[in-house]
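Mapping to numbering that gives the first Met the number 0: the sequence shown position 159 is 158, numbers consecutive.
Below is one structure, written out as structure tokens; the observations come after it.
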Amino acid sequence: MKKNSKEYSVLIIAEIGINHEGDVNVAKRMIREAAKAGANAIKLQTINPDENYLENTLSHKIFRNARLTKKETGSLFKIAKKLSVNPFTTAGDFKTIDWVNELNPSAFKISSSLLTCLPIIKYIAKKKRHILMSTGMANMKEIELAIETAKKANAKSISLLHCTSLYPTPTNRLNLATISLLREKFNLQVGYSDHSLGSDVAKLAVAAGARIVEKHFTLDSKRKGFDHAISLEPPAFKKMVNEIRTMEKMLGKKEKIISREEKQKIPSLRRYLVVKNDIKKGEKFTKDNLGFYRIQGNKNSLEPKYFESILGRRAKKKIFSQTPLKNKHFK
Numbered sequence: 000m001k002k003n004s005k006e007y008s009v010l011i012i013a014e015i016g017i018n019h020e021g022d023v024n025v026a027k028r029m030i031r032e033a034a035k036a037g038a039n040a041i042k043l044q045t046i047n048p049d050e051n052y053l054e055n056t057l058s059h060k061i062f063r064n065a066r067l068t069k070k071e072t073g074s075l076f077k078i079a080k081k082l083s084v085n086p087f088t089t090a091g092d093f094k095t096i097d098w099v100n101e102l103n104p105s106a107f108k109i110s111s112s113l114l115t116c117l118p119i120i121k122y123i124a125k126k127k128r129h130i131l132m133s134t135g136m137a138n139m140k141e142i143e144l145a146i147e148t149a150k151k152a153n154a155k156s157i158s159l160l161h162c163t164s165l166y167p168t169p170t171n172r173l174n175l176a177t178i179s180l181l182r183e184k185f186n187l188q189v190g191y192s193d194h195s196l197g198s199d200v201a202k203l204a205v206a207a208g209a210r211i212v213e214k215h216f217t218l219d220s221k222r223k224g225f226d227h228a229i230s231l232e233p234p235a236f237k238k239m240v241n242e243i244r245t246m247e248k249m250l251g252k253k254e255k256i257i258s259r260e261e262k263q264k265i266p267s268l269r270r271y272l273v274v275k276n277d278i279k280k281g282e283k284f285t286k287d288n289l290g291f292y293r294i295q296g297n298k299n300s301l302e303p304k305y306f307e308s309i310l311g312r313r314a315k316k317k318i319f320s321q322t323p324l325k326n327k328h329f330k
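This is the structure:
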């Protein structure tokens with residue numbers, strides 16, 4: 000899955016899900032607004048309720064009223080791609096997976112509720128597309144089994160999303176430290192699927208090491224039902240994107256870099272060896288007549304690391320107090 004810009008490393012997903020409520024025109028508008036807000040990808044939920052939920056369940060009713068056809072889904076994918084946004088979706092049955100695959104999605108999402116559905120994972124893995132696995136409700140053994148199943152089916156690539164399946168997720172159930180745990184345990188790219196309110200947690204997840212952020216997206220968070228209440232509207236989503244991009248710049252690279260500007264500060268900020276009081280010719284250097292001072296421009300002045308090797312050596316000539324010490328000053 001490609002990012003919009005090489006400048007940034009965090010992939011930001013606008014989780015549209017079924018917040019379009021079955022209206023393809025609303026979905027189209029949502030994709031355009033997500034692109035304007037800076038999303039790298041949009042995710043739908045492409046669920047055939049008759050193949051996924053019993054008829055008397057609330058889930059069946061909700062998804063029956065929010066279902067999009069293959070043609071409608073294809074039109075949404077085309078719009079996203081024209082806007083340089085990666086389109087993908089969650090699908091939970093073989094037939095739906097097949098026709099979604101024909102639409103050339105950027106990836107397939109394994110939702111938390113499907114993570115233990117190994118036949119579906121195996122089937123999706125054989126489609127040779129990137130797989131994102133949400134890990135809500137799953138223990139480490141279940142996550143490991145899902146990954147092994149995908150790998151044995153020769154999955155193209157896999158990313159994990161730390162997730163807590165509580166809507167909204169309470170602060171004491173976020174467990175953002177799990178992001179680094181998953182990365183260390185499975186050696187995969189790890190992100191965060193956010194079900195908290197607002198955008199603060201998404202930023203903290205990036206600081207905790209998330210390379211993917213998935214956040215629910217809506218045009219109106221006051222609408223009842225679906226995932227509107229835990230979703231961000233376009234202005235708030237854009238604000239989150241900008242804050243994450245700033246966070247990336249703040250985090251920088253995982254290496255100790257001294258910038259050109261910082262190097263220019265070395266002569267004026269570091270300490271150097273300086274004669275504390277007048278020293279006569281032939282007098283020994285001691286801890287009493289040498290000190291560590293900040294000076295204006297080192298001009299080959301000696302660093303404190305040479306202090307012990309200079310102790311006991313004698314001055315070649317008289318040296319006045321406040322003189323930065325150099326090799327020419329001692330025998």
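All C-beta atoms, glycine included, are put in the ideal place defined by N, C-alpha and C.
Just how far apart, CA to CA, sit residue i and residue j?
i	j	result
K121	E260	52 angstroms
P169	Y305	56 angstroms
I78	D219	21 angstroms
E282	R313	5 angstroms
E307	L289	11 angstroms
I243	L301	43 angstroms
I211	R269	40 angstroms
K202	S195	12 angstroms
D92	K248	41 angstroms
T285	K279	13 angstroms
G135	V200	16 angstroms
S74	K27	8 angstroms
E54	N47	12 angstroms
T68	I257	55 angstroms
Classify residue i as buried or exposed, calling it buried when 16 or more other Cβ atoms lie within 10 Å of its own Cβ.
i	result
D193	buried
A145	buried
I265	exposed
F236	buried
K317	exposed
E32	buried
K262	exposed
M139	exposed
R293	exposed
G190	buried
S8	exposed
E213	buried
P86	buried
Are the beta-carbon atoms belonging to residue i and residue j less than 8 angstroms from one another?
i	j	result
S158	L175	no
M239	L250	no
G208	R182	yes
N18	T217	yes
Would you call the region 12-19 in contact with the region 40-50, where contact means no fewer than 3 C-beta pairs closer than 8 angstroms? yes
Return the chain-ordered ranges of every alpha helix (DSSP H) run that is complete within the region 89-121 and spans a minimum of 4 residues. 93-101
With three or more C-beta pairs closer than 8 angstroms as the rule, is the region 80-90 touching the region 55-63? no
Inside the region 225-313 only - alpha helix (DSSP H) runs reaching at least 4 residues: 233-250, 259-262, 265-268 and 306-309
Quick check for students: name the residue ranges of the beta strand (DSSP E) that lie wholly in the region 171-220, counting only runs of 3 or more. 188-193 and 211-215
In chain order, which continuous runs of the beta strand (DSSP E) of length 3 or greater are located wholly inside the region 114-164? 129-133 and 156-162
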